[in-house]
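So the protein sequences, as listed, match chains U and G. Numbering that gives the first Met the number 0 numbers the first residue of the first sequence as 0 and each following residue consecutively. Numbering that gives the first Met the number 0 numbers the first residue of the second sequence as 0 and each following residue consecutively. Virtual Cβ for every residue (Gly too), placed ideally from N, Cα, C. Please read these numbers as outputs of a predicted model, since none were measured by experiment.
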Amino acid sequence: MKRGLIITINLLIMGFIMLFIIRYANTKAEESNENAIIAFEKMTMTTSQIIANYLEDEQHLCDLWANYINRSAEDGAPMTAEDAISYIRKSKISSEIEGHLIFLDSPEREGISTTPNVADPNVYTVSYKKIEIFDNIETERDTNDVVGLTRAYTNPMNGVQSIAFLNNVTVLDNENNELKKGLLMRVVPLSRLEQKLVFLKGEYEDVEISLVDKEGNYVVHGKSFKNSNFFEYYKSYNAATSEEYKQVINEIAGGTGTMTIRNYKGEDCILSYTPLEIMTTWSLLAYIPASNLVASRSIDWLLLGIATLGFLILFIFNSIVMMTYNRKLSEAAKQANQANEAKSNFLSTMSHDIRTPMNAILGLNEMVLRDSRDENIRRYSESIRTAGNTLLGIINDILDFSKIEAGKMEIINVDYYFVSLLNDLVNMVQKKAEDKGLALKLNIDKNIPTVLNGDEIRIKQVVINILSNAVKYTKQGSITFSINARKPEDKPDSIILKISVADTGIGIKPEDLDKLFVAFQRIEEKRNRNIEGTGLGMTIVQRFLDMMGSHLEVESEYGKGSVFSFELEQKVVKWDPLGDFEEAFRRASSERTNYHEKFTAPDARVLVVDDTPVNLTVFVNLLKKTGLQIDTAESGDECISLFTKKHYDAIFLDHMMPDKDGIETLTEMKALTETPNTGTPVICLTANAISGMREMYTNAGFDDYLTKPIDAERLEMMLLQYLPGDKVNTESDNGDTDDNELPETENVDTDDNGLPAFLYNLKELDLASGIDYCGDAEDYIMALTLYMSSATKKAEEIENYWAEKDIKNTTIKVHGLKSASRLIGAMELGDFAEKLEKAGNNGDSEMLEKELDGFLSRYRQLARDLEPLNDLE
Amino acid sequence: MKKTLRMILSLSMVGILLLQGCGSQKKEDVSFVPKYDKDTEFSLTVAGSYGNFESLEAEFERFYEYYPNANLQYVTMDDYKNVIPSALVSSEPPDIFTTNGSMIGDEKYDAMFEACEVFSDSSVAIDYSCIRNSLIRTTDSGDVVMLPIFTTSYGMLVNMDIFEKEGLKVPNNFNELMDVCAKLKDAGYESPVMGPDVFSGSGLFNCFAYPMFAYDVLKNSDKVDGLNNLDPSSGELMRPALARLNEFVTSDCIDVAKCQAEITDEYDSVIMRFFEGDVPIMLATGDVVSGTAKRESKSDAFSAHPFKYRFYVAPAGDDGGYFINSISICFSVNKKSRNLDMANEFMRFLISKKELGNMAELKRLITPIDDFSTDELYSSLADIPADRCFSDKETGLLDPAVRQFRAAIYAVGNGEMTVDEAIAAYGSIPEE
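The following block contains the structure:
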């Protein structure tokens, strides 16, 4: 996972947790706030009750006065206004409280006060003419109201803001000696009421209390309540629609509740309101800035800050730890990658290095098989071929497995002849089966189309593996190779091949079936220890089948045999039926004995290019009996030179060459327009030709490719395919031909026959080994001559590369000398070359600097020692 | 003695104005620096007759920035003029209270003013030099016991959008008024000028003609006594103003009947009718203008189609209009205040160009300071030549004389009397 992604995920998790904390804290804060608001509302109601009680008490006192006065009237001894005032004056305790007896029907709304006017101590007359507090007094007071009360007004006797509790009295009019109605007012300074609210300050520091009448006019005015009317104040500082405005009025008039309003500073404030129960005209408003009431969020932010800091510290700590581990893991991964790379390099090198001598081994062995008439030698030679092919198979398996593991294996579908595939399969297994005395039974559906589209190579590998296993693990009995075809219903262009291999072998225990597909795991290792194999075969089979959309099915009965089968869908290119393959193959097999060239083509000319002279020798010899005219070239430039001069019917071009490799050479050749080789097929020779190479070389422009070690039969088949028909004489053209029809080099069977005497004096050469490698004395001398004649040039090339510090090409050249030297029996020189090659591959320029001169010196010396060969015929 | 003093004062004011001009500035404002510890805890009560005094409450808030522990409260008193003298000697006297120009010199309030802090006393250390000198009132002994907070005047509200739409300039003199009105009439405005047809000072005839009459009185100060004594022969001094009024009401400028029908009171109705948006000129006092801000949102017509409006003096004279400046309210400090120092501190804070300007702008009344630029609504007043700017007190007219003049213009404006009849009847013209 990328670091950025890890950091993002960590931050997301942290963010999520912090969001959770915020949400949780907010929820808690909201709960707390709600509780605080509820408590505030309760306080408002409590205050309302206190005020109500106070007002009720005051009203009660006013009523006592009125009752006393009225009772006098009822008793027939009504008081005059002066008497009534005199009574009140005596009965009231507080000097702040006044009693006013007003006659509303008098022109000036005049009456008498218990207290004189502060401006004139002699004046007791009080006038309410210009104080509009009585106009609506009857309509405002609800019949249920306990208290009859004025709004706050200015006491005309002393200018003090006051409220007055009211009651009606009946007194005697002195002038006409009649009873008349008067309004008795218990006038109380507003400050007394305000004092009842002081206690709240302790609990809520910034609370402000107002009393408003039903119009919103303040009776008691809180400091922050602007305007003279609360509703006007609300409207001034709160952006409310007329509907909202009306709703606020209705809510406050309607009962107890809490709302949020904005004050003149634009701050949110909690307003709690409740009507005074004792009267319908007044409401109590308690107001407090929301920030004072609701829980302080600073605690939440502190918590959040600490959590964030904690997370960051944890994140940094973990990051440091993870980075330390990652560094170690990275180093380990780097080492693993290096090891893997080393493995790949090793496998690649192994492929090339093993195949190169294998080319010589199998190629020269093929010569032996062709030339030898001695049955023993032929038998030995056959064994060499079998062992060699087995070895190649193992190498191929390992390389394929590596490629599968690395995810580099791809299925590449091409058109192929099914009969060709079958031929290869049966040919490869037939001999092995016969050698073990097993019968290979073929059961091939005659209706299989001739040309299919699929990955021929992988299919072949799969079936060969299964067939080889069947042969390996069957001691007696038979191997039955069956292929049946059926058409899928939904795909008219395809066919499904059912391929099965049944043997009468040792079978597999049910408990071992799972091990079958485990890499490098062999079933019953102890029992089968003599059977060669890597344990990779079935694993590769299963992987390939997976890649081709199939799977292997195994039915086995321990001790009786097994049936391996799979189905494979292939697209059909040509629907012509295959016919009776068994019969055709049986006939061909019975006719095949010793090697016999498949054709002769004395008029055809081919060019073979390889930087290793021995390989050229093998190639030439393999085709000796075909009578082909074969030109050889040891480099790309030499190839191009010949390419421009002579016409060739086919060109075999090695891939891995120093200076100009096969692909570069081909590119140059293709770029040439005026050559006698327009349309000449070019086939790639490669020792690296592991599976999947065909596509690479085809894409590079080659017409085909041939792997080294060169399979003689495949080489001839390929030539048959590419040479012009008119230059090829096949058996059918010539009738039966015998081995003697073509000029044949004289066989030299003895070790020393034909070898010049001076060779025995050359300590650098192991003649026996050289003859072994080259096949016979004649070929050996030819190889020695080639080795000698190319030495000057090759040594110079190496020196030139080294002078330019071109380690790569120096190493390639040294590698060539390693193989060539060993081929001619110069084993020590070969070992020396191998040592320098390793140094080159490791980039050890110091070693090369130190040893290269000595090596070339010995090489040149050997070449000089071989110069007498020039004198030979 | 009083009359002599008033005459000297008036003449000196006229002289000063002639030299300085209406909107001339005296000196730069000085930032308020608190004299006391900012943590001082105190309460002050300001008593007045305004039902609402939001502009003062805004000043409270600004004052709290210097004294956060202060608690100032405005109290509306009922029957203010009668009650305030008593309130000052009560058990809960206000610390600061509003007064007005008519109170000073009235014997009823002599005791009250004697109980007031003397601002002209240097020990009080209140610098009121930012206030226009013509607005400073003194007691007979020369003490300054009240400082003007708002002033008002007579003039007209002009719908600037109509003038802009019709491509007209606001008239500067009577001829231009006639010309503009004719064009507006042609443009479809039935009564280019409107106003409340009421007897009071807010009446349309008073707004148009009284400044011109006051100016004539000021120029003929020797006849003031005759006018004040309601001498019928003094009525002749009303002739120029009455003749101009008669000329005005008989022109196409105004349809008095329409005014009577559509404007039913002298305050709310004036504003709401003006906000209908089809009246180019509405004769009104500054007090009426102060009510416009709150009523903008109450007028559906104005809310739907708001327009720009300004206050101008009525261009009754041949050379232009007259800016007669009247005190709206003053503040006085109760010398027996329990927090006298802090009451004076608040006054010291308030009496500054900045704060008085703020208050006037919020209240939409004319600022008493010597700079009209603080309020765009009244900015036209700065352009009036100094010789036509004066205060009502400078005229020396007493209330009876003023009321007779109002009766005259009410009668002439409504066609109940001719100009000659009104002049002849001076002193006995029926009042409302």
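Worksheet item: At a Cβ cut of 9 Å, what residues of the stretch 82 to 96 of chain G count as close to chain U, listed as they run along the chain?
Response: For the stretch 82 to 96 of chain G, the set of positions with a beta-carbon nearer than 9 Å to some beta-carbon of chain U reads Val82, Ile83, Pro84, Ser85, Ala86, Leu87, Val88, Ser89, Ser90, Glu91, Pro92, Pro93 in chain order.
Worksheet entry | Three-way DSSP call (helix, strand, coil) for Ile650/U in this model | To locate residue 650/U, count along the first sequence from 1; it is residue 651. It is a strand residue.
Practice prompt. Look up Arg363/G in the DSSP assignment and say whether it is helix, strand or coil.
Written response: Sequence index remark: in the second sequence, residue 363/G carries index 364 (1-based). In this structure, Arg363/G counts as coil in the three-state DSSP scheme.
Worksheet entry | Amino acids of chain G, ordered along the chain, whose beta-carbon sits closer than 9 Å to that of Lys1/U | In the first sequence, residue 1/U corresponds to position 2, counting from 1. Close partners of Lys1/U in chain G (Cβ separation under 9 Å) are lacking, with about 57 Å as the shortest Cβ gap.
Worksheet item: Going by Cα to Cα distance, which pick from Glu214/U, Ser223/U, Ile16/U, Ala341/U is closest to Glu250/U?
Response: The residue labelled residue 250/U in the question sits at position 251 within the first sequence. If we check each option's Cα against that of Glu250/U, Glu214/U comes out closest.
Worksheet item: So who's on the other strand from Trp281/U, going by DSSP bridges?
Response: Translated into positions along the first sequence, residue 281/U becomes position 282. In the DSSP output, where bridge partners are listed per residue, Trp281/U has Asp212/U.
Worksheet item: So which residues on chain G does Met875/U lean against when the C-beta distance must stay under 8 Å?
Response: Because residue 875/U is not part of the residues shown, which for chain U are 0 to 872, the question remains open.
Worksheet item: Where does Arg22/U land, buried or exposed, given buried means 16+ other C-beta within 10 angstroms?
Response: Working through the first sequence from its first residue, we reach residue 22/U at position 23. So Arg22/U counts as exposed.
Worksheet item: How about Tyr311/G and Gly320/G: do their beta carbons lie closer than 8 Å?
Response: Stepping through the second sequence from its first residue, residue 311/G is reached at position 312. Stepping through the second sequence from its first residue, residue 320/G is reached at position 321. In this structure, Tyr311/G lies near Gly320/G, with their beta-carbon atoms less than 8 Å apart.
Worksheet item: Which residues in chain C sit within 9 Å of Asn116/U, going by Cβ to Cβ distance?
Response: Included in the structure are the protein chains U and G, with no chain C among them.
Worksheet item: What did DSSP end up calling Ser302/G once you bin it into helix, strand or coil?
Response: Here residue 302/G corresponds to residue number 303 of the second sequence, with the count starting at 1. Looking at Ser302/G - three-state DSSP - the assignment turns out to be helix.
Practice prompt. Determine the burial state of Met155/G: buried for a count of at least 16 other Cβ atoms within 10 Å of its Cβ, exposed for fewer.
Written response: Position 156 of the second sequence, counted from the first residue, corresponds to residue 155/G. Flag for Met155/G reads buried.
Worksheet item: Are any of the Cβ atoms in chain G nearer than 8 Å to that of Lys91/U?
Response: Counting from one through the first sequence, the residue named residue 91/U turns up at place 92. Lys91/U does not count as touching chain G.
Fill in: Backbone secondary structure at Gly824/U - three-state DSSP
Along the first sequence, read from residue 1 onward, the residue named residue 824/U stands at position 825. Under the three-state reduction of DSSP output, Gly824/U falls in the coil class, being neither helix nor strand.
Item to complete: Report back the beta-carbon spacing between Asn343/G and Val123/G to the nearest angstrom; my notes put them in contact at under 8 Å.
Response: Numbered from 1 along the second sequence, position 344 holds the residue referred to as residue 343/G. Numbered from 1 along the second sequence, position 124 holds the residue referred to as residue 123/G. Indeed, because the Cβ distance is near 6 Å, the residues count as touching under 8 Å.
Item to complete: Using a Cβ cut-off of 8 Å (strictly closer), state whether Tyr938/U contacts chain G.
Response: Chain U is shown only over 0 to 872; residue 938/U falls outside these bounds and no answer can be derived.
Item to complete: Apply the 10 Å Cβ neighbour rule to Asp78/G and answer buried if 16 or more other Cβ atoms are within range, or exposed otherwise.
Response: Position 79 of the second sequence holds residue 78/G. Around the Cβ of Asp78/G, a 10 Å sphere holds 16 or more other Cβ atoms; the residue is buried.
Worksheet item: Is Leu10/U helix, strand or coil when you go by DSSP?
Response: The residue you call residue 10/U lines up with position 11 of the first sequence. In this structure, DSSP gives Leu10/U a helical state, which the three-state scheme calls helix.
Worksheet item: How would you label Asn205/G, buried or exposed, when you count the other beta carbons within 10 angstroms and need 16 or more for buried?
Response: Counted from its first residue, the second sequence places residue 205/G at position 206. In the assembly as shown, Asn205/G is a buried residue. Its beta-carbon has 16 or more other beta-carbons within 10 Å.
Worksheet item: What are the boundary residues of the beta strand (DSSP E) that Pro274/U is part of?
Response: Against the first sequence, residue 274/U aligns to sequence position 275. Taken as a continuous stretch (DSSP letters only), the beta strand (DSSP E) holding Pro274/U covers 267 to 274.
Worksheet item: Are any of the Cβ atoms in chain G nearer than 8 Å to that of Thr153/U?
Response: Sequence index remark: in the first sequence, residue 153/U carries index 154 (1-based). When Cβ-Cβ separations below 8 Å define contact, Thr153/U makes contact with chain G.
Worksheet item: Are there 16 or more other CB atoms within 10 angstroms of the CB of Leu148/U, so buried, or fewer, so exposed?
Response: Against the first sequence, residue 148/U aligns to sequence position 149. Leu148/U is buried by the Cβ-count criterion.
Worksheet item: What span of residues does the alpha helix (DSSP H) with Cys252/G cover, start to end?
Response: In the second sequence, the residue the question calls residue 252/G occupies position 253. Unbroken run through Cys252/G: none, as it is neither H nor E.
Discussion item. Give me, in chain order, the residues of the same chain whose beta-carbon lies closer than 7 Å to that of Thr138/G; leave out the 5 immediate sequence neighbours on both sides.
Written reply: Counted from its first residue, the second sequence places residue 138/G at position 139. Here the set comprises Ile103, Phe112, Val144.
Discussion item. For the alpha helix (DSSP H) containing Ile458/U, name the first residue and the last one.
Written reply: Residue 458/U sits at position 459 when you count from the first residue of the first sequence. In the DSSP annotation of this structure, the continuous segment of the alpha helix (DSSP H) that includes Ile458/U starts and ends at 455 to 471.
Worksheet entry | chain U within 8 Å of Glu58/G, Cβ atoms only | For this step, residue 58/G is matched to residue 59 along the second sequence. It does not: the Cβ of Glu58/G has no partner Cβ on chain U nearer than 8 Å.
Worksheet entry | Nearest-angstrom Cα separation, counted from Asp221/G out to Ser325/G | Reading the second sequence from its first residue, position 326 is the one you call residue 325/G. Reading the second sequence from its first residue, position 222 is the one you call residue 221/G. Straight-line Cα distance between these residues: approximately 22 Å.
Worksheet entry | Cut-off 8 Å between Cβ atoms - residues of its own chain near Cys638/U, not counting five sequence neighbours on either side | As a first step, residue 638/U is located in the first sequence; it is residue number 639 there, counting from the start. So the list reads Leu606, Val608, Ala632, Ile650, Leu652, Thr664, Met668, once near-sequence residues are dropped.
Worksheet item: Which residues in chain G sit within 9 Å of His99/U, going by Cβ to Cβ distance?
Response: The residue given as residue 99/U occupies position 100 in the first sequence. Under the 9 Å cutoff, chain G gives no residues; its nearest Cβ is about 14 Å from His99/U.
Worksheet item: Quick one, which of Asn167/U, Ser241/U, Ser555/U, Thr273/U has its alpha-carbon nearest Ala252/U's?
Response: One-based indexing of the first sequence puts residue 252/U at position 253. By alpha-carbon distance to Ala252/U, the top candidate from Asn167/U, Ser241/U, Ser555/U, Thr273/U is Thr273/U.
Worksheet item: What residues in the stretch 36 to 55 of chain G bring their beta carbon closer than 7 Å to a beta carbon of chain U?
Response: Cβ contacts with chain U come from Gly50, Asn51, Glu53.
Worksheet item: What in chain G is Cβ-close to Pro188/U, meaning under 7 Å?
Response: As a first step, residue 188/U is located in the first sequence; it is residue number 189 there, counting from the start. By Cβ distance, chain G contributes Glu91.
Worksheet entry | Interface partners of Lys129/U on chain G, CB under 8 Å | By one-based count along the first sequence, residue 129/U stands at place 130. Going along chain G in sequence order, the residues near Lys129/U (Cβ under 8 Å) are Asp77, Asp78, Asn81.
Worksheet item: Skipping 5 residues on each side, what residues in its chain have a beta carbon closer than 8 Å to that of Gln436/U?
Response: The residue given as residue 436/U occupies position 437 in the first sequence. The sequence as given places Gly at residue 436/U; Gln does not occur at that position. A distance below 8 Å between beta-carbons, with the five flanking residues on each side excluded, links Gly436/U to the following residues of its chain, in chain order: Gln475.
Worksheet item: How about Asp702/U and Val681/U: do their beta carbons lie closer than 8 Å?
Response: Along the first sequence, one-based indexing puts residue 702/U at 703. Along the first sequence, one-based indexing puts residue 681/U at 682. The Cβ atoms of Asp702/U and Val681/U sit closer than 8 Å to each other.
Worksheet entry | Proximal residues of chain U, C-beta to C-beta of Val74/G below 7 Å | On the second sequence, residue 74/G is found 75 positions in, with the first residue counted as 1. The contacting residues are Gln160.
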